[in-house]
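In this note's numbering, the protein residues as written are 425 to 740.
Here a beta-carbon is modelled for each residue, glycine too, at the ideal position from N, C-alpha and C.
Rendered as structure tokens:
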């Protein structure tokens with residue numbers, strides 16, 4: 425990428441990671457799709473544990489009797505992702521680390537501060553607690569979307585593109601301001617009503633791909649296959665697993681023209697088709713409650729312009 429030659433490899437990677445939203449890096453952190461067919465049940469167990477740990481962290485911070493002048497520590501999220509481990513065999517840790525950079529106050533030190541210093545101390549401490557609370561809220565939203573659905577009735581396959589020239593790279597006049605500054609756009613989508621698919625065991629089907637925004641013209645097709653798996657004996661007997669495999673995408677219009685653009689697919693599962701249709705009518709990218717989103721890795725561009733994936737995600 426061009427930015428790597430301008431600011432260097434390490435600084436470029438740091439810039440990309442710092443621009444990730446909480447919902448994105450939490451989803452990447454919980455990406456255990458390489459661990460086999462039952463990875464989604466392990467992810468759900470880890471997400472619930474991480475939420476409890478983060479909630480305990482916020483309760484501990486709020487319970488401190490005095491605000492702190494400067495907290496230079498960071499929140500560390502860790503999980504033990506061992507291949508073949510079950511839900512009980514994977515641990516989650518949520519810790520505050522790098523306390524050596526922090527200046528901690530007890531009651532005596534805090535009362536020695538002047539009034540302006542105490543106000544500054546309260547202001548910084550509120551920001552730190554608010555940041556930890558926001559991270560906990562994002563994890564709670566992820567759990568609500570990913571772990572609380574009873575049965576998925578519709579799927580939206582979204583096509584996203586991100587340019588290596590991060591700022592001011594939007595190619596479409598109807599892009600949002602966030603897309604114009606981040607270089608990341610939702611450019612096309614396909615809505616699939618699973619209730620209308622009579623045979624989910626078919627190898628693959630082709631669905632119309634429409635441009636996001638504007639007149640929603642047809643811009644290509646996406647080839648995908650779907651499968652429902654019966655619940656196992658350990659879980660809820662009414663819960664089923666829906667597997668979505670995206671094979672390839674072929675555009676009839678040059679929406680993704682640059683060879684430097686990175687194209688990804690975001691698969692969002694909904695409990696009903698009405699909620700799925702409402703999600704593509706709005707410019708807001710976060711999914712509403714009772715929706716679960718998972719992101720596939722970047723696709724491979726073939727010589728004829730087709731983008732190939734052959735990657736799967738599962739929704740429990």
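Per-residue burial, residue i [other beta carbons within 10 Å of its own, 16 or more giving buried]
| i | result |
| --- | --- |
| residue 536 | exposed |
| residue 698 | exposed |
| residue 456 | buried |
| residue 720 | buried |
| residue 643 | buried |
| residue 517 | exposed |
| residue 709 | Bear in mind that the predicted position of residue 709 carries a pLDDT of just 49, short of 50, making it too unreliable to give a figure here. |
| residue 488 | exposed |
| residue 572 | exposed |
| residue 441 | exposed |
| residue 566 | buried |
CA nearest to the CA of residue i, picked from the options
| i | options | result |
| --- | --- | --- |
| residue 563 | 687, 649, 738, 446 | 446 |
| residue 733 | 491, 739, 722, 483 | 722 |
| residue 645 | 700, 466, 639, 635 | 635 |
| residue 554 | 641, 614, 479, 443 | 479 |
| residue 730 | 468, 670, 543, 637 | 670 |
| residue 615 | 459, 701, 462 | 701 |
| residue 543 | 493, 566, 487 | 493 |
| residue 505 | 465, 477, 487 | 465 |
| residue 611 | 566, 586, 545 | 586 |
| residue 621 | 609, 651, 574 | 651 |
| residue 476 | 439, 488, 448, 519 | 519 |
Cβ shell of residue i (< 8 angstroms), same chain only, five flanking positions each side left out
| i | result |
| --- | --- |
| residue 490 | 529, 530, 531, 534 |
| residue 619 | 577, 578, 697 |
| residue 627 | 649 |
| residue 613 | 580, 581, 582, 583, 633, 634, 636, 704 |
Inter-residue Cα distance where the pair is residue i and residue j
| i | j | result |
| --- | --- | --- |
| residue 583 | residue 630 | 15 angstroms |
| residue 639 | residue 675 | 17 angstroms |
| residue 551 | residue 726 | 48 angstroms |
| residue 548 | residue 541 | 11 angstroms |
| residue 503 | residue 716 | 21 angstroms |
| residue 705 | residue 539 | 51 angstroms |
| residue 569 | residue 560 | 14 angstroms |
| residue 637 | residue 688 | 18 angstroms |
| residue 459 | residue 632 | 32 angstroms |
| residue 443 | residue 452 | 14 angstroms |
| residue 609 | residue 690 | 12 angstroms |
| residue 461 | residue 686 | 27 angstroms |
| residue 724 | residue 546 | 50 angstroms |
| residue 448 | residue 574 | 23 angstroms |
| residue 728 | residue 718 | 27 angstroms |
| residue 450 | residue 641 | 33 angstroms |
Own chain partners of residue i with C-beta closer than 6 angstroms, once the 5 adjacent residues on each side are dropped
| i | result |
| --- | --- |
| residue 576 | 666, 693, 739 |
| residue 557 | 482 |
| residue 673 | 646, 731 |
| residue 463 | 456, 457 |
| residue 617 | 578, 697 |
| residue 473 | 516 |
| residue 677 | 643 |
| residue 602 | Note on residue 602: pLDDT 46, under 50, position unreliable in the model; the coordinate value appears next. If we look at residue 602 and ignore the five residues flanking it on each side, it has no Cβ neighbours. |
7 angstroms Cβ shell around residue i - same chain, five flanking residues per side excluded
| i | result |
| --- | --- |
| residue 521 | 497, 498, 500 |
| residue 736 | 667, 668, 669 |
| residue 653 | 664, 665, 667 |
| residue 485 | 553, 556 |
| residue 400 | Residue 400 lies beyond the range of the chain shown here (425 to 740); nothing can be said about it. |
*Curious, which full-length alpha helix (DSSP H) runs of at least 4 residues does the stretch 434-501 contain?*
446-453, 463-487
*Considering only residues of the stretch 518-552, which uninterrupted alpha helix (DSSP H) runs meet the minimum length of 4 residues and lie entirely inside it, listed in chain order?*
531-535
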